[in-house]
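Asker: Numbering (the working numbering), first residue to last: 24 to 160.
Glycine included, each C-beta is placed from N, C-alpha and C at the ideal position.
Okay, handing you the structure first.
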């Protein structure tokens, strides 16, 4: 899954990491758990998966996106792009997320606006990472 898509969804779903779900459950993506009573014992948001770290949340998201049948279309689109030798980008896959939210295409439209609006911030972050990487060598 392209990094820009992951970051855009994390920011959208967690209110830039400020939501109660992000703070108490370390759940950046609004992933639900299988049991309605989960997380209630430890003060977590009931009904949602809780993680010990943000990395665990991202890992669970990646597993979900790469295995759940709701995202078959996304994976098929990604495979088609790769087979043609095209770069897989967030722009290519955003419209394949209709099943991620009950909002359907409205959710995809919002993600596209979020991604477009934050392109400058994304480029700035990438530039910072490249600068740090080049200083390490």
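1) What would DSSP say about residue 71, mapped onto helix, strand or coil?
2) Would you call the CB atoms of residue 80 and residue 74 closer than 8 angstroms?
3) Tell me whether the beta-carbon of residue 121 lies closer than 8 angstroms to the beta-carbon of residue 131.
4) Determine the direct distance from the alpha carbon of residue 66 to that of residue 117, and round the result to whole angstroms.
5) Since residue 55 sits in a beta bridge, which residues does DSSP pair it with?
6) Measure the C-alpha to C-alpha separation of residue 89 and residue 48 and round it to an integer number of angstroms.
7) In the DSSP assignment, the alpha helix (DSSP H) including residue 26 goes from what residue to what residue?
Answerer: Reading from the atomic positions:
1) As a first step, residue 71 must be located in the chain shown, where it is residue number 48. DSSP places residue 71 in strand when its eight states are reduced to three.
2) Here the question's residue 80 lines up with position 57 in the chain shown. Here the question's residue 74 lines up with position 51 in the chain shown. Yes, Cβ-Cβ distance for residue 80 and residue 74 is below 8 angstroms.
3) On the chain shown, position 98 is the one that residue 121 refers to. On the chain shown, position 108 is the one that residue 131 refers to. Yes.
4) Sequence index remark: in the chain shown, residue 117 carries index 94 (1-based). Sequence index remark: in the chain shown, residue 66 carries index 43 (1-based). Straight-line Cα distance between these residues: approximately 33 angstroms.
5) Indexing the chain shown from 1 puts residue 55 at position 32. DSSP output for residue 55 lists 71 as bridge partner(s).
6) As a first step, residue 89 is located in the chain shown; it is residue number 66 there, counting from the start. As a first step, residue 48 is located in the chain shown; it is residue number 25 there, counting from the start. Answer to the nearest angstrom: the Cα atoms are 22 angstroms apart.
7) Position 3 of the chain shown, counted from the first residue, corresponds to residue 26. It spans 26-37 - the alpha helix (DSSP H) in which residue 26 sits, taken as one unbroken run.
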